[in-house]
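What follows is a single structure, written as structure tokens, with notes after it.
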Amino acid sequence: MAGMLDGLRVFDLSIVTAGAAATQVLADFGADVIKIEAPRRPDLFRGWTDARPGAQGDLYSPPFRTVNRGKRALAVDLKTPEGLDVAKKLLRECDVVVENFRQGVLDRLGLGFHELVAIRPDIVLVSISSQGTTGPNARYGSFGSTLDALGGQMSITGYDEQTPLWSSNKVNYPDQVVGFLGPALVLTGVLAARASGRPQWIDVSQRELVTAMLPEHILCASLGSPDPVPTANVGAEGLEWATRCAGDDEWAAVSLRTAEHRGHLAKALGEPDLVWCDDAAVMDAVGRWSSELTKQQVMATLQAHAVPAAAVTKGFELHGDAFFDEIGFFKSVPLPAGGSELQRGWIVRFQGEPDPATVDARAPHVGEHTVDIMSSLLGYSDVEITRLLDAGAVGQYGHSAGPTNDDAASEPANLTDQRGDCRRGPDR
Numbered sequence: 008m009a010g011m012l013d014g015l016r017v018f019d020l021s022i023v024t025a026g027a028a029a030t031q032v033l034a035d036f037g038a039d040v041i042k043i044e045a046p047r048r049p050d051l052f053r054g055w056t057d058a059r060p061g062a063q064g065d066l067y068s069p070p071f072r073t074v075n076r077g078k079r080a081l082a083v084d085l086k087t088p089e090g091l092d093v094a095k096k097l098l099r100e101c102d103v104v105v106e107n108f109r110q111g112v113l114d115r116l117g118l119g120f121h122e123l124v125a126i127r128p129d130i131v132l133v134s135i136s137s138q139g140t141t142g143p144n145a146r147y148g149s150f151g152s153t154l155d156a157l158g159g160q161m162s163i164t165g166y167d168e169q170t171p172l173w174s175s176n177k178v179n180y181p182d183q184v185v186g187f188l189g190p191a192l193v194l195t196g197v198l199a200a201r202a203s204g205r206p207q208w209i210d211v212s213q214r215e216l217v218t219a220m221l222p223e224h225i226l227c228a229s230l231g232s233p234d235p236v237p238t239a240n241v242g243a244e245g246l247e248w249a250t251r252c253a254g255d256d257e258w259a260a261v262s263l264r265t266a267e268h269r270g271h272l273a274k275a276l277g278e279p280d281l282v283w284c285d286d287a288a289v290m291d292a293v294g295r296w297s298s299e300l301t302k303q304q305v306m307a308t309l310q311a312h313a314v315p316a317a318a319v320t321k322g323f324e325l326h327g328d329a330f331f332d333e334i335g336f337f338k339s340v341p342l343p344a345g346g347s348e349l350q351r352g353w354i355v356r357f358q359g360e361p362d363p364a365t366v367d368a369r370a371p372h373v374g375e376h377t378v379d380i381m382s383s384l385l386g387y388s389d390v391e392i393t394r395l396l397d398a399g400a401v402g403q404y405g406h407s408a409g410p411t412n413d414d415a416a417s418e419p420a421n422l423t424d425q426r427g428d429c430r431r432g433p434d435r
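At position 113 of the sequence shown (counting the first as 1) the number is 120 in the numbering used here, and the numbers step up by one without a gap.
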């Protein structure tokens, strides 16, 4: 599995999650993904807030370490003529360019689609943007919160019609969806380019993607149906909710989709009259019962009576989950300062193919592989590389004359402690 994309090389201009998570999947399966950053302005995800206050180093951010594992890093200043020349030489060796800049940025850098085609005639450009590259809002940028709102998702998520909810920066639904769809789009473009010998430009609008995930609501609106109203987990399909259990912030999810489920629930609680009660009374009765039991006891009891139920699992509990342990979902990834951590694995398995238990390469420091890429792949001499480093056209991690920032010049001292913190996570 880990080598099935050997020979595919990606010029990765993506930042934060959108794009970066897609290229991470390609790297997991063997593609040579080269992360491109400016020496003085690296990916802002390196400084994301999900880390211990006061942490240092350019790899302290857990989300950055996850979506950039397995990649090589080249630090190059695309706004300098010499830096742009280095990038163009690398582009001749790449099959794919992935970017999620605001519309027009690539053109201003001199790396728009037509310029890329002049460099490599069968190039595949995958542009992952907020609003797409055409249309009245093409030049707008955004983060997940605005995309949840603009795409229509927030109109149906929430506990009541007065309080719409977004997926939050802990989930950032639009970025995660494009991260899983992106690898398929990249490979579709590569297959098309190789079959035709022609370049491909794949334009991905995250706003459209969010709306596309609401197919039944779009259809109903076209037929004149009333706008849907957020009703938490209660809907026409049945009664579904989370009931509080014994302990601090402990819950179990319960689903009553049929009359049979309600009958089974009444038997489980020893309250036969619940079959005839309204939803509020049922939820109240279950809440009184579940508050005296652990969430595992609630789940086991209800499942034993054929009532759909599940314990609400916290992030740190996933590592001990028997399901994930049996399939080997979590992968061991090296830490910059030594040791290893567990990260998410892959959501697919291939019949008959071995499933590696480890990811051999961690996320890179800013420009960690600049010298190696310029020397072994692009043919620059040591004298040329040193001159470009000193001029600031490129940057190499640990090179004192290079233009990397102060944070990027030191190893994170307490990365192991951060791993423990991010596994546990705050209470909901």
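Just so you know, even glycine gets a beta-carbon here, dropped at the ideal spot from N, CA and C.
Residue environment, residue i, which counts as buried when at least 16 other CB atoms sit within 10 Å
i    : result
I22  : buried
A125 : exposed
E44  : buried
Y166 : exposed
G14  : exposed
G409 : Caution applies to G409, whose pLDDT of 41 falls short of 50 and renders its modelled position unreliable; the value that the coordinates give is listed next. G409 is buried by the Cβ-count criterion.
A420 : Here A420 scores only 29 on pLDDT, less than 50, and its place in the model is too uncertain to base an answer on.
R201 : exposed
T320 : exposed
Q31  : buried
S68  : buried
N75  : buried
G90  : buried
T411 : Below a pLDDT of 50, predicted positions are generally treated as unreliable, and T411, at 38, falls in that range; the measurement from the model is reported next regardless. Burial call: buried.
Where the beta strand (DSSP E) containing residue i begins and where it ends
i   : result
D39 : D39 to E44
R53 : Run containing R53: none; DSSP gives neither H nor E here.
R16 : R16 to D19
R79 : R79 to V83
Delimiting residues of the alpha helix (DSSP H) encompassing residue i
i    : result
I334 : A329 to I334
T73  : P69 to V74
W173 : Element bounds for W173: n/a, residue is neither H nor E.
V103 : Counting along the chain, V103 falls outside any alpha helix (DSSP H), though it belongs to the beta strand (DSSP E) covering V103 to E106.
S229 : P222 to S229
R295 : D286 to S297
A313 : That residue, A313, is in no alpha helix (DSSP H); it is neither H nor E in DSSP.
I130 : Where I130 is concerned, there is no enclosing alpha helix (DSSP H), given that its DSSP letter is neither H nor E.
I126 : F120 to I126
L113 : V112 to L116
Q31  : A27 to D35
L97  : P88 to L98
6 Å CB neighbourhood of residue i in its chain, flanking five on each side removed
i    : result
W208 : F120 and L132
T73  : Q350
G10  : G37
A25  : N107, I135, D182 and V185
G148 : R109 and S137
A34  : V40, G77 and K78
S262 : E247 and P315
P171 : M161 and G165
P341 : S347 and R369
Neighbourhood of residue i by C-beta distance below 8 Å, restricted to the same chain and skipping five residues each side
i    : result
C284 : A292
S229 : none
Bridge partners - residue i, DSSP secondary structure assignment
i    : result
E350 : The sequence shown places Gln at residue 350, rather than the Glu named in the question. Q350 is bridged to K338.
E247 : S262
L192 : Partner(s): none; L192 has no beta bridge.
S136 : S212
G165 : P171
T365 : S339
V401 : V83
A145 : For A145, which the question treats as bridged, DSSP gives no partner whatsoever.
Q358 : For Q358, which the question treats as bridged, DSSP gives no partner whatsoever.
V160 : Per the sequence shown, the amino acid found at residue 160 is Gln instead of Val. The partner list for Q160 (beta bridge, DSSP) is empty, contrary to what the question assumes.
Q183 : Answer is none; Q183 lacks a bridge partner.
A318 : A259
Cut-off 7 Å between Cβ atoms - residues of its own chain near residue i, not counting five sequence neighbours on either side
i    : result
S298 : R251, C252 and A253
V378 : I392 and Q403
A275 : T308, L309, H312 and V314
H372 : D65, L66, A80, Y404 and A415
H406 : L396
A199 : Q207
Whole-angstrom C-beta distance between residue j and residue i, which should lie under 8 Å
i    : j    : result
V211 : G158 : V211 to G158, Cβ: 13 Å. No contact.
T301 : P237 : Not really, about 30 Å apart at Cβ, beyond 8 Å.
R295 : L281 : The pair is not a contact, with the Cβ atoms about 12 Å apart (cut-off 8 Å).
A259 : A317 : 7 Å
L85  : H376 : 17 Å between Cβ atoms; not a contact.
L123 : L154 : Not quite, the Cβ-Cβ distance comes to about 26 Å (not below 8 Å), so this is no contact.
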